[in-house]
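> For the sequence shown, the positions run -31 to -1, 1 to 355 when mature numbering (1 follows the signal peptide of the UniProt record, and there is no 0) is used.
No residue lacks a Cβ here, since even glycine has one placed at the ideal position from N, Cα and C.
Source: prediction; values computed, not measured.
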Amino acid sequence: MYHVLRASILAAVAILALVVAPLADPAQALAKEQPAKSQAKPAAKKSAKAETAPKAKKQAKAAKAAAPSKAPHPAKAALTDSPAQKPRRAKKGELPAKNDIENEEGDIGACAVGSPLTVKSAILWNMNTGEVLYEQNPDVQIPPASLTKVLTLYILFDAIRQGRLRPWDVIEVSPRAATQGGSNMRLRPGEQVKVTDLIKGIAVASANDACMAIADNLENGNAEAFVALMNDTAKRLGMTNSVFFNPNGLPADGQVTTARDMLKLAAAYLEQFPKSLTIHSMQFFTHNNRQRHNANSLLGRYEGVDGLKTGFVCASGYNIVATAMRGDTRLIAVVLGSRNPRVRERETAKLLDKGFKMVQAKKAAGPTPVAAATPPATPAQAVGQP
């Protein structure tokens, strides 16, 4: 009986142990986990400082790479963008990135010649080689305006060379000369003026009255004979498409020229009278206490420009014969029919820029035979438009 009772008690205890054990295990696990956590914190800090757990770090990195990335908040993303992700701002004096540049030469760089220029007619010539570098409608007839004065000066300097006139001679201004309209020196009838002052007035101030004073003096008061001499001289220079009716370029029916003809005149003028550029390069001229400004706006603004002459009448627009010297290269550009002085300056600068670039490129390519420095006599001899 005793043995049966004891066996029953042991069986009951065993059953109770089986029931209580699962309930005790979580408590035990929790009790064991708490100290483990508290011990893990300093251990993690210590290992991070001492970097003694490279294996754990590698595993953590691999886990991060494998885990799907969570998109950051837009505001937080904007704040946390790395500098490499932001567009780099150019430092002071540094050019912006190439894909941000519209014109790599900058706003003061040379522009390429448009096709065509925004003018009625143009031609560009290398005086050193005799080569036409650019032409655009060069044989279209256009009123010459004050470019006519280059021919008047050519005849005047030729008369001085022949001894028919001396620079220090004094000329009396005729009533007809004093009444010429347009740009002038405000010469008075009967005024005594030196030839040198009249030359400066024509070249710098584009003085219509000075041109007539010279014409009257050289042909003994017969300006019509002077005009006939102008046309004879033009033909001798090969200006086959030009006709002149007065010595100053004031409007006259049938008075016309071409860019090619003006190039021929300018080439002969500079070849025979190169010292004239000391006057054409003057930006101001004063006579009778009145200062006149040279209308050639390229003077002092475009490197190498030292002449030659501008002109304007409504029938033609704004014209210019410009010449520039850089190094050992002299170019002559003729631009006719610009719509305003700013366009005339801009397009002439483009033309000269193009010419100097072409000359530089040819020099870099190697030596080439030098042709005679004479302008083309006929359109067939001109080099085609680039």
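Nearest by alpha-carbon distance to Gly296: which of Ala91, Met96 and Pro113 is it?
Translated into the one-based positions of the sequence shown, residue 296 becomes position 327. Of the candidates Ala91, Met96 and Pro113, the one whose C-alpha sits nearest the C-alpha of Gly296 is Met96.
> Just mark Gly78 as buried or exposed, buried being the case when its beta carbon has 16 or more other beta carbons within 10 Å.
As a position in the sequence shown, residue 78 is number 109, starting the count at 1. Bear in mind that the predicted position of Gly78 carries a pLDDT of just 33, short of 50, making it too unreliable to give a figure here.
> If you check the beta carbons only, do Leu246 and Ala291 fall under 9 angstroms apart?
Walking along the sequence shown from the start, residue 246 turns up at place 277. Walking along the sequence shown from the start, residue 291 turns up at place 322. Against a cut-off of 9 angstroms, the Cβ pair of Ala291 and Leu246 comes out as no contact.
> Should Gly75 be labelled buried (16 or more other beta-carbon atoms within 10 Å of its own) or exposed?
Along the sequence shown, one-based indexing puts residue 75 at 106. The pLDDT assigned to Gly75 is 27, lower than 50, so where the model puts this residue is not dependable, and the model offers no usable value.
> Under a three-way DSSP split, which group does Met208 fall into?
As a working mapping, residue 208 is identified with position 239 in the sequence shown. In the structure shown, Met208 sits in coil (DSSP, three-state: anything other than H, G, I, E or B).
> If you draw a straight line from the alpha carbon of Gly190 to that of Gly324, how long is it in whole angstroms?
Taking the sequence shown and counting its residues from 1, the one referred to as residue 190 is at position 221. Taking the sequence shown and counting its residues from 1, the one referred to as residue 324 is at position 355. Approximately 44 angstroms between the Cα atoms of the pair.
> Just to confirm my understanding: we take Ala147, look at its own chain, exclude 5 residues before and 5 after, and list those with CB closer than 7 angstroms. What are they?
One-based indexing of the sequence shown puts residue 147 at position 178. Hits under 7 angstroms: Leu156, Arg157, Pro158 and Asp178.
> Could you tell me how far apart the beta carbons of Val119 and Leu277 are, in whole angstroms, since I believe they sit closer than 8 angstroms?
As a working note, residue 119 is residue 150 in the sequence shown. As a working note, residue 277 is residue 308 in the sequence shown. The pair is a contact, with the Cβ atoms about 7 angstroms apart (cut-off 8 angstroms).
> When you compare only the Cα positions, how much space is there between Asp230 and Asn210?
For the purposes of this step, residue 230 is identified with residue 261 of the sequence shown, where counting begins at 1. For the purposes of this step, residue 210 is identified with residue 241 of the sequence shown, where counting begins at 1. Computed Cα separation, rounded: 7 angstroms.
> Since Arg313 and Ile289 should fall inside the 8 angstroms C-beta cutoff, what is the C-beta to C-beta distance between them, to a whole number of angstroms?
Taking the sequence shown and counting its residues from 1, one reaches residue 313 at position 344. Taking the sequence shown and counting its residues from 1, one reaches residue 289 at position 320. Correct: roughly 6 angstroms between the Cβ atoms.
> Which same chain residues, not among the five before or five after Ala19, have their C-beta less than 6 angstroms away from its C-beta?
Position 50 of the sequence shown, counted from the first residue, corresponds to residue 19. For Ala19, the predicted structure reports a pLDDT of 42, less than 50, and the residue's modelled location is therefore unreliable. A value from the coordinates is still provided. None.
> Tell me where the alpha helix (DSSP H) around Leu277 begins and ends.
One-based indexing of the sequence shown puts residue 277 at position 308. No alpha helix (DSSP H) holds Leu277; the beta strand (DSSP E) holding it covers Val274 to Val282.
> If you run the structure through DSSP and keep just helix, strand and coil, what is Tyr238?
Position 269 of the sequence shown, counted from the start, is the residue given in the question as residue 238. Note: Tyr238 maps to helix in three-state DSSP.
> For Val162, which of helix, strand or coil comes out of DSSP?
The residue you call residue 162 lines up with position 193 of the sequence shown. Three-state result, Val162: strand.
> So does the region 159 to 177 actually touch the region 256 to 264, counting three or more Cβ pairs closer than 8 angstroms?
With a cut-off of 8 angstroms, the region 256 to 264 and the region 159 to 177 count as touching, because enough Cβ pairs lie within range.
> For Met199, I'd like the list of residues in its chain whose CB is within less than 6 angstroms of its CB, leaving aside the five on either flank, ordered along the chain.
Working through the sequence shown from its first residue, we reach residue 199 at position 230. Result list for Met199: Leu120 and Phe213, in chain order.
> Within the 9 angstroms Cβ cut-off, does Ala192 reach chain E?
Although the question refers to chain E, the structure presented lacks it and comprises just one protein chain.
> Name the residue from Asn153, Thr98 and Asn186 whose alpha carbon lies nearest to the alpha carbon of Ile129.
Residue mapping note: residue 129 aligns to position 160 of the sequence shown, counting from 1. Residue Asn186 is the option with its Cα nearest to Ile129.
> Which first and last residues belong to the beta strand (DSSP E) in which Met181 is found?
Working through the sequence shown from its first residue, we reach residue 181 at position 212. Where Met181 is concerned, there is no enclosing beta strand (DSSP E), although the alpha helix (DSSP H) it sits in stretches over Asn177 to Leu187.
> Please report how far the alpha carbon of Val282 lies from the alpha carbon of Tyr123, in whole angstroms.
Looking up residue 282 in the sequence shown gives position 313. Looking up residue 123 in the sequence shown gives position 154. So the alpha carbons of these two residues sit roughly 22 angstroms apart.
> Should the region 108 to 116 be regarded as contacting the region 266 to 280, the criterion being three or more beta carbon pairs within less than 8 angstroms?
Verdict: yes, contact present.
> Around the Cβ of Glu150, are there at least 16 other Cβ atoms within 10 angstroms (buried) or fewer (exposed)?
Stepping through the sequence shown from its first residue, residue 150 is reached at position 181. Per the sequence shown, residue 150 should be read as Gly rather than Glu. Under this definition Gly150 is an exposed residue.
> For Glu104, count the other beta carbons within 10 Å of its own beta carbon; 16 or more makes it buried, fewer makes it exposed. Which is it?
To locate residue 104, count along the sequence shown from 1; it is residue 135. Buried, by the Cβ-count rule.
> What are the partner residues of Val304, as DSSP defines its beta bridges?
On the sequence shown, position 335 is the one that residue 304 refers to. Beta-bridge pairing links Val304 to Ala91 and Ile289.
> Based on the DSSP secondary-structure assignment, which residues constitute the bridge partners of Thr226?
As a working note, residue 226 is residue 257 in the sequence shown. Thr226 pairs with Ile111.
> Keeping to the same chain, check which residues put their C-beta closer than 6 angstroms to that of Ala302; ignore five residues upstream and five downstream.
Stepping through the sequence shown from its first residue, residue 302 is reached at position 333. Hits under 6 angstroms: Leu93, Ala291, Thr317, Leu320 and Leu321.
> Under the rule that 16 or more other beta-carbon atoms within 10 Å means buried, what is residue 368, buried or exposed?
The question about residue 368 has no answer, for the chain in this structure spans -31 to 355.
> First and last residue of the beta strand (DSSP E) that includes Thr255?
Along the sequence shown, one-based indexing puts residue 255 at 286. That run of the beta strand (DSSP E) goes Phe253 to His256.
> For Thr255, is the classification buried or exposed, using 16 other Cβ atoms within 10 angstroms of its Cβ as the cut-off for buried?
Position 286 of the sequence shown, counted from the first residue, corresponds to residue 255. Thr255 should be labelled exposed.
> Assuming the contact rule is C-beta atoms closer than 8 angstroms, Leu305 and Ser152 should be a hit. Round their C-beta distance to whole Å, please.
Position 336 of the sequence shown, counted from the start, is the residue given in the question as residue 305. Position 183 of the sequence shown, counted from the start, is the residue given in the question as residue 152. The pair is not a contact, with the Cβ atoms about 18 angstroms apart (cut-off 8 angstroms).
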